[in-house]
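Here the structure comes first, spelled out in structure tokens, and everything after it is commentary.
Residue numbers (the numbering used here): 8 to 869.
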């Protein structure tokens, strides 16, 4: 049965999986970027008195700023130039040390650090890993006082709060050398090479984004609105959906709120050093006292007790007065953190006090180095600068700002601001060659090799092939459905496409033709949609307000709902079971859809459909009064009206050309649908009422991972043939798909009422990170538990009197026990592979079933 606006996307073809490698892959394919030869030096940092290892020591090359940190055992590996240089080693509670290295120096160093006693209010704290104690530790008492002061310093404790926010995001190829680029025709890139503001190494900016906005907050009733005054972007991500790319960027690089329990970053949750569980998760040290902007401050240092956990290493500068005010914070990642593709990261935040003592963030600067492989010579350097100004607590002059429907609204002309606007309104001037990406991309695209490589990768990511170079009118695809196969059709070939907003921003068309070599039948779809709102690229852009008419003739695989991908996805052609529950379906429908900025949406569907029996697969047979005799039925028809309601507040997703892929499941999603049909009305052969309800949400457990929960319930209220009953979704492939049962056969159970659950727990390496050998592999644990508890009323059990179709062989009525299956798995194998071993827990006596088995999925995640 169809679902409203369910997030779809098969893990093999999902854009969210490909976007993280897109920018690096494109440049490496074209240029084969190389770097200068370097030497590697390894070392072991120890306490000069006790000889014990010093964890999290900072080790960097003095001349370049390139560095690393020691691990739990005090060991480090550092790349340094082949010429003579100096490296600097520092650690919390130790005197900084500088070591000179010549070209002939040993590549293995033994670094002994001399402890330094720092005194704060007559309490001496000397951080030593194995002697760390929480009870009686003045640093723990100190951080608890900081936590207690959080709320009274929070600017959102005021009735109103407004401010101007400027954001600049830059992606660059790190350590870029132009002297060995493939082909002299790319020599012009030398004019665009910049230098990193951290390591001072050469970088090539490949994507730039700027945004200026004003935020208005009201405490009661709680409302927050954003007016975007200016927005622009240029670079290699221009071939990707701007709306979708922006959603991905906003979720990957969220504003860091140090004062919340969890910090969202790289689509994960990190435990804040000021979290309520901080004292049991972190080790805290009082390192020194300094004067910062006229205030005496204590430097509070912290590091996670387990270096593989999702936490930070860093320092906070806290005023030594009764306010416990945080003036500055610096956050870094542990060297051993179980996080993919992020080689290094640093966050530097600074705060100021309003006259009433309220905490106001002034500047938030994040830098990150991404690499596909930890030993790779090339990668992406990302910089994100956010600054704030004009912060105040007065109500806005125009209070109607809180009544606009959008959470974010574009001001007139916001996306077409001239450079004069940006020069005047930027909070900080651009540095180096940050504003030259658009010009560089114009030059690059003038070369066929780059142009067509960019287009091919863009097509692979989007799943569609454009038919024109500029202002494309028609997209061909989706490409993953071009060839597939099933038991009824044999080999299936499909060609299709859809129009874009360049042809008409209100009228859209979609169509496909498919042909099976075994059944030798032509299948097809013809669809036309009118959007009441003007679209920029395609019809599915949020918000949707449209009227759509379609006519479709194709196969219908009963008991396989394909909630998250196309039914003819090539990757699902390999099955663990023969998909023999297949019929033909002719469907004509009219749909009206309306979405609102609040997250509420509804859809009304008027359809007429005819289901055709397949004698060798799913025959429609009525019982005769003569035992053993049956009357075959060719087909049945239904004229139906369906209403679907959906509420998903603050939903975050990537918008592709056809589907919406979730980038965050933190907020709940509620769905409610009802289908009604009356016998004899619109050609219906049966009266039919069906109601379904759904709930979906992700629950975070801070350092202990998260759980995705999906709950469904439904009921059919009338006497109907088995194709109209509620059938659990059986997954006949070897892949892992949510809301499907991996060990169930298609149409194994027939119900007219049910409740179901799908619970998946992701531990994020919470167990493996504590096992010496396994923690090096950076594997992560997964546990699943799925179930379906259903029943079938007596009125829907076929008899000669009620004229219902006989159940196919292998279909059963569920007893008092629910169907259940459970699995344990490992994800992040080779950074992309997940393997689950799943057991069928109930109804194990049914013939021709799988009682257990291995299932897999592939995706790239942080």
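All C-beta atoms, glycine included, are put in the ideal place defined by N, C-alpha and C.
Bridge partner(s) assigned by DSSP for residue 490: Translated into positions along the chain shown, residue 490 becomes position 483. In DSSP, residue 490 forms a bridge with 500.
Give the DSSP-derived three-state secondary structure of residue 813 in the structure shown. Indexing the chain shown from 1 puts residue 813 at position 806. Coil, per DSSP.
If I measure Cβ to Cβ from residue 787 and keep anything under 6 Å in the same chain, skipping five residues before and after, which residues do I get? What you label residue 787 is simply residue 780 of the chain shown in a count that begins at 1. Cβ neighbours of residue 787 beyond the five flanking positions: 771, 772, 834, 835.
Buried or exposed (CB count within 10 angstroms, at least 16 for buried), residue 850: Position 843 of the chain shown, counting from 1, holds the residue named residue 850. Per the 10 Å Cβ criterion, buried.
Same chain, Cβ closer than 6 Å to residue 710, five either side skipped, listed in chain order: Within the chain shown, numbered from 1, the residue matching residue 710 stands at position 703. Excluding positions up to five away in sequence, the list reads 278, 288, 316.
Would a C-beta distance cut-off of 8 Å place residue 199 and residue 211 closer than the cut-off? Residue 199 sits at position 192 when you count from the first residue of the chain shown. Residue 211 sits at position 204 when you count from the first residue of the chain shown. Contact: yes.
Starting from residue 47, follow its DSSP beta bridges and name the residues at the other end. In the chain shown, counting from the first residue as 1, residue 47 sits at position 40. Its beta-bridge partners are 86.
Just how far apart, CA to CA, sit residue 284 and residue 273? One-based indexing of the chain shown puts residue 284 at position 277. One-based indexing of the chain shown puts residue 273 at position 266. Between residue 284 and residue 273, the C-alpha separation is close to 21 Å.
Inspect the CB distances between the region 624-631 and the region 803-823 and report whether three or more fall short of 8 Å. Yes, since at least three Cβ pairs between the region 624-631 and the region 803-823 fall closer than 8 Å, the two stretches touch.
Apply the 10 Å Cβ neighbour rule to residue 164 and answer buried if 16 or more other Cβ atoms are within range, or exposed otherwise. To locate residue 164, count along the chain shown from 1; it is residue 157. It is exposed - the Cβ of residue 164 has fewer than 16 other Cβ atoms within 10 Å.
Below 8 Å between beta carbons: does that hold for residue 828 and residue 847? Along the chain shown, read from residue 1 onward, the residue named residue 828 stands at position 821. Along the chain shown, read from residue 1 onward, the residue named residue 847 stands at position 840. Closer than 8 Å, so yes.
CB contact flag (residue 686, residue 810, <8 Å): Within the chain shown, residue 686 is the residue found at index 679, counting from 1. Within the chain shown, residue 810 is the residue found at index 803, counting from 1. Going by C-beta atoms, residue 686 is not nearer than 8 Å to residue 810.
Going along the chain, which residues of its own chain have a beta-carbon closer than 6 Å to the beta-carbon of residue 352, five neighbours each way excluded? In the chain shown, residue 352 corresponds to position 345, counting from 1. Excluding positions up to five away in sequence, the list reads 340, 375.
Could you give the first and the last residue of the continuous beta strand (DSSP E) run that contains residue 793? Taking the first residue of the chain shown as 1, we reach residue 793 at position 786. Its beta strand (DSSP E) spans residues 787-798.
When we look at the beta-carbon of residue 406 and count the other beta-carbons within 10 Å, is it buried (16 or more) or exposed? Along the chain shown, one-based indexing puts residue 406 at 399. By the 10 Å Cβ count, residue 406 comes out exposed.
Using the C-alpha atoms, what's the distance from residue 837 back to residue 182? On the chain shown, position 175 is the one that residue 182 refers to. On the chain shown, position 830 is the one that residue 837 refers to. Taking the straight line joining both Cα atoms gives about 25 Å.
Can you tell me the Cα-Cα spacing of residue 393 and residue 176, whole angstroms? As a position in the chain shown, residue 393 is number 386, starting the count at 1. As a position in the chain shown, residue 176 is number 169, starting the count at 1. Roughly 9 Å between the two C-alpha positions.
Minimum C-alpha distance to residue 798 - residue among 766, 724, 746: The residue given as residue 798 occupies position 791 in the chain shown. The residue from 766, 724, 746 with its alpha-carbon nearest to that of residue 798 is 724.
Does the Cβ of residue 118 have 16 or more other Cβ atoms within 10 Å, making it buried, or fewer, making it exposed? Within the chain shown, the letter at position 111 stands for residue 118. With 16 or more Cβ atoms within 10 Å of its Cβ, residue 118 is classed as buried.
Tell me, to the nearest whole angstrom, how far the beta carbon of residue 588 is from that of residue 754; I am working on the premise that it is less than 8 Å. Taking the chain shown and counting its residues from 1, the one referred to as residue 588 is at position 581. Taking the chain shown and counting its residues from 1, the one referred to as residue 754 is at position 747. That pair is a contact at about 5 Å.
With a threshold of 16 other CB atoms inside 10 Å of the CB of residue 240, please say whether the residue is buried or exposed. Indexing the chain shown from 1 puts residue 240 at position 233. Looking at its Cβ environment, which holds 16 or more other Cβ atoms inside 10 Å, residue 240 is buried.
Decide yes or no for the touch test of the region 554-567 against the region 734-753: beta carbon pairs closer than 8 Å, at least 3 of them. Contact between the region 554-567 and the region 734-753 is present: three or more C-beta pairs spanning the two stretches fall below 8 Å.
Assigned exposure category for residue 364 - 16 Cβ within 10 Å defines buried: By one-based count along the chain shown, residue 364 stands at place 357. Classification for residue 364: exposed.
What separation, rounded to the nearest whole angstrom, lies between the Cα atoms of residue 431 and residue 530? Start at 1 with the first residue of the chain shown, and residue 431 comes out as number 424. Start at 1 with the first residue of the chain shown, and residue 530 comes out as number 523. One Cα belongs to residue 431, the other to residue 530, and the distance between them is close to 58 Å.
Residue 727 and residue 776: beta carbons closer than 8 Å? Position 720 of the chain shown, counted from the first residue, corresponds to residue 727. Position 769 of the chain shown, counted from the first residue, corresponds to residue 776. No, the Cβ-Cβ distance between residue 727 and residue 776 is not below 8 Å.
For the putative contact between residue 945 and residue 742, defined by C-beta atoms under 8 Å, what is the C-beta separation to the nearest angstrom? Because the chain in this structure spans residues 8 to 869, residue 945 falls outside the shown range and cannot be described.
Put residue 163 into one of helix, strand or coil per three-state DSSP. Taking the chain shown and counting its residues from 1, one reaches residue 163 at position 156. Reduced to three states, the DSSP call for residue 163 is helix.
Give me the Cα-Cα distance between residue 103 and residue 97, rounded to the nearest whole angstrom. On the chain shown, position 96 is the one that residue 103 refers to. On the chain shown, position 90 is the one that residue 97 refers to. Straight-line Cα distance between these residues: approximately 5 Å.
Is it buried or exposed for residue 307, if we count other Cβ within 10 angstroms and need 16 for buried? As a first step, residue 307 must be located in the chain shown, where it is residue number 300. Buried.
In whole angstroms, give me the CA-to-CA distance for residue 54 and residue 48. One-based indexing of the chain shown puts residue 54 at position 47. One-based indexing of the chain shown puts residue 48 at position 41. If I take the Cα positions, the gap works out to 20 Å.
So, is residue 480 buried or exposed, given that buried needs 16 or more other C-beta atoms within 10 angstroms? Here residue 480 is taken as the residue at index 473 of the chain shown, counted from 1. Exposed, since its Cβ has fewer than 16 Cβ neighbours within 10 Å.
For the beta strand (DSSP E) that contains residue 558, what are its first and last residues? As a position in the chain shown, residue 558 is number 551, starting the count at 1. Taken as a continuous stretch (DSSP letters only), the beta strand (DSSP E) holding residue 558 covers 552-564.
When DSSP labels each residue in this structure, what does residue 408 get in the three-state scheme? Position 401 of the chain shown, counted from the first residue, corresponds to residue 408. Three-state DSSP puts residue 408 in a helix.
Let me know if residue 519 comes out buried or exposed under the rule of 16 or more other beta-carbons within 10 Å of its beta-carbon. Counting from 1 along the chain shown, the entry for residue 519 is found at position 512. Residue 519 comes out buried.
Does DSSP classify residue 6 as helix, strand or coil? Given that the chain is displayed from residue 8 to residue 869, the structure contains no residue 6 and the question cannot be resolved.
Rounded to whole angstroms, what's the CA-CA distance from residue 645 to residue 694? Just pull it up for me. Indexing the chain shown from 1 puts residue 645 at position 638. Indexing the chain shown from 1 puts residue 694 at position 687. Near 9 Å, if we compare the C-alpha coordinates of residue 694 and residue 645.
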